[in-house]
Structures are given as C-alpha cells and as structure tokens.
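Visitor:
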Amino acid sequence: MTDEKQDPETEADSTDNETEREGERVMNRGDGAEILREVAAGVENGTIDIEGENGFTVAVPERFELEVEYEVTDDEAELEVELEWQMEDGEAVSADE
C-alpha cells in the first residue's frame, strides 16, 4: 500500500425509504487517523459532518448501538466500525438500554 492519495471513489444511492452514501480512498495512517478523530468528535458532539462532493451531515442520538468487526482472509484484512440507531419521522432515536 502506498501513501499516495488517489481520487476517492464515492457512491450515493437513494430509494423511497433508504439513502446510502459511501466513499473510499487509499491514504496514509495519519490522514486516516485524522478522519477517525473528526468522526469521534462528531459522535461526542451529536453531529458528524462529512465533507466532499457527496458530503453529508448525520445527527447522532445520545445512545446508539456500536459494532466493531475484524475480518482476515488470505489476502486482505478489514476493520469495520458501525454505529446504528432507529429513526422515527426522519429523526434519530436513542437506543434503549
């Protein structure tokens, strides 16, 4: 893996009841850590702002489900962090205990 930045791959899909946005690019550890710090600060403050061509803002409720998954195959490793919560009338709803 190189530390060179590449053009990001972005994807935005919408249906009547679902919107999905994702982006992917190769970066160095320092740049990746900075993005993760920005996401962590947004979680703590209640709003995550993702900038860029397909940027978006996410309201994060006080309580949510957090899943961390680590998967290794013969030729690839993947670490996935997922935050999940319910939506009601277009608004984020805190998870029950």
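Residue 77 is where the sequence shown starts when you use the numbering used here, and the numbers rise one by one after that.
Just so it is clear, CB atoms sit at the ideal spot from N, CA and C, and this is done for glycine as well.
(1) To which residues does DSSP link residue 124 through a beta bridge?
(2) Compute the Euclidean distance between the alpha carbons of residue 155 and residue 149, then round it to the nearest angstrom.
(3) Evaluate the contact criterion for the segment 156 to 163 versus the segment 132 to 145: three or more CB pairs, one atom per stretch, below 8 Å.
(4) For residue 163, which beta-bridge partners are listed by DSSP?
(5) Measure the CB-CB distance between residue 168 and residue 136 and report whether it falls below 8 Å.
(6) Please go through the same chain and pick out, in chain order, the residues whose beta-carbon is closer than 7 Å to the beta-carbon of residue 164, but skip the five residues on each side of it.
Guide: The structure says:
(1) As a first step, residue 124 is located in the sequence shown; it is residue number 48 there, counting from the start. Per DSSP, the beta-bridge partners of residue 124 are 134.
(2) As a first step, residue 155 must be located in the sequence shown, where it is residue number 79. As a first step, residue 149 must be located in the sequence shown, where it is residue number 73. The straight-line gap from Cα to Cα measures roughly 12 Å.
(3) Yes, the segment 156 to 163 touches the segment 132 to 145.
(4) Working through the sequence shown from its first residue, we reach residue 163 at position 87. Answer is 168, bridged to residue 163.
(5) For the purposes of this step, residue 168 is identified with residue 92 of the sequence shown, where counting begins at 1. For the purposes of this step, residue 136 is identified with residue 60 of the sequence shown, where counting begins at 1. Taking C-beta atoms as the reference points, residue 168 and residue 136 count as a pair closer than 8 Å.
(6) Stepping through the sequence shown from its first residue, residue 164 is reached at position 88. Correct list: empty, nothing qualifies.
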